[in-house]
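**Student:** Residue numbers (my numbering), protein chains in the order written: chain X, 51 to 163; chain S, 344 to 455. Quick reminder that beta carbons are idealized off the backbone N, C-alpha and C, glycines included.
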Amino acid sequence: EAGVAQSPRYKIIEKRQSVAFWCNPISGHATLYWYQQILGQGPKLLIQFQNNGVVDDSQLPKDRFSAERLKGVDSTLKIQPAKLEDSAVYLCASSYGESETQYFGPGTRLLVL
Amino acid sequence: DQQVKQNSPSLSVQEGRISILNCDYTNSMFDYFLWYKKYPAEGPTFLISISSIKDKNEDGRFTVFLNKSAKHLSLHIVPSQPGDSAVYFCAASDDSNYQLIWGAGTKLIIKP
């Protein structure tokens, strides 16, 4: 069974630029999560989708971050414009349902200069 | 306000000995606890979990103990192996929304 795929693996941008991350969850997983992990901290949930609907985006900085999961499968997370403090690893995870075990992709490491 | 705390940023253990990783939580509504393991440049992988109705769960070399009165859980790895060197995250959730709240992680180093 293929795992959660993410791209790109690394991205370096300058502040005020925009960037987008892509995630392909495990086939059949209805729930998809985007996390932000700052160095030395645990992952922090940004947004949770159930199929193509948003379950929780309370910690998503909506003035600059956006995410979509149009067909209930792949998802993209966008930052526009980026700030220095957005430097982090962005992890995508998926699960069969919201109470099930979450499986993580390798993450995208973002550096904002 | 950190609801899940892992107070040891790192831990060094001799190969073959027991590794004990600790985690404390403050939210008494948490009823499900998980440990994830993370290697560099990879995402976290699920290791073991425990429900609040239990005080112990075992899976091979890994055992998780839960002390609800102390709001404390620990992960025991016996015997420790070189491949166990990784960052271990404790996470917790409650049944109102199942969202995981994560600790900051403990880096485990297994010495030969």
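Would residue 126 of chain X count as contacting chain S if we go by Cβ distances under 9 Å?
**Tutor:** Residue 126 of chain X does not count as touching chain S.
**Student:** What does the alpha-carbon distance come out to for the pair residue 357 of chain S and residue 423 of chain S?
**Tutor:** Their Cα atoms are separated by approximately 7 Å.
**Student:** Taking residue 363 of chain S as the reference, give the member of S:419, S:392, S:454 and S:353 with the closest Cα.
**Tutor:** Of the listed residues, the one whose Cα sits closest to residue 363 of chain S is S:419.
**Student:** Who are the neighbours of residue 71 of chain X on chain S, taking C-beta pairs under 9 Å?
**Tutor:** Per Cβ cutoff of 9 Å: no residues; residue 71 of chain X is ~13 Å from chain S at best.
**Student:** Compute the Euclidean distance between the alpha carbons of residue 113 of chain X and residue 105 of chain X, then round it to the nearest angstrom.
**Tutor:** Each residue's alpha carbon lies about 19 Å from the other.
**Student:** Can you tell me whether residue 106 of chain X is helix, strand or coil according to DSSP?
**Tutor:** Note: residue 106 of chain X maps to strand in three-state DSSP.
**Student:** Taking Cβ positions, are residue 354 of chain S and residue 452 of chain S nearer each other than 9 Å?
**Tutor:** Yes, the Cβ-Cβ distance between residue 354 of chain S and residue 452 of chain S is below 9 Å.
**Student:** Excluding sequence positions up to five away, which residues of its chain have a Cβ less than 7 Å from the Cβ of residue 151 of chain X?
**Tutor:** Closer than 7 Å at Cβ, skipping near neighbours: 145.
**Student:** At a CB distance below 9 Å, what residues from the region 380-405 of chain S approach chain X? Give them in sequence order.
**Tutor:** Per Cβ criterion, the list reads 381, 384, 385, 386, 387, 388, 389 and 392.
**Student:** Consider the Cβ of residue 106 of chain X: report whether some Cβ of chain S lies at a distance smaller than 9 Å.
**Tutor:** By this cut-off, residue 106 of chain X is an interface position.
**Student:** Drop a sphere of 10 angstroms on the beta-carbon of residue 93 of chain X, count the other beta-carbons inside from all chains shown, and report buried for 16 or more, exposed for fewer.
**Tutor:** The residue in question, residue 93 of chain X, is buried, as its Cβ has 16 or more Cβ neighbours within 10 Å.
**Student:** State yes or no: is the C-beta of residue 54 of chain X within less than 9 Å of the C-beta of residue 147 of chain X?
**Tutor:** Contact: no.
**Student:** Tell me whether the beta-carbon of residue 162 of chain X lies closer than 9 Å to the beta-carbon of residue 65 of chain X.
**Tutor:** For residue 162 of chain X and residue 65 of chain X, yes; Cβs fall inside 9 Å.
**Student:** Should residue 434 of chain S be labelled buried (16 or more other beta-carbon atoms within 10 Å of its own) or exposed?
**Tutor:** Burial call: buried.
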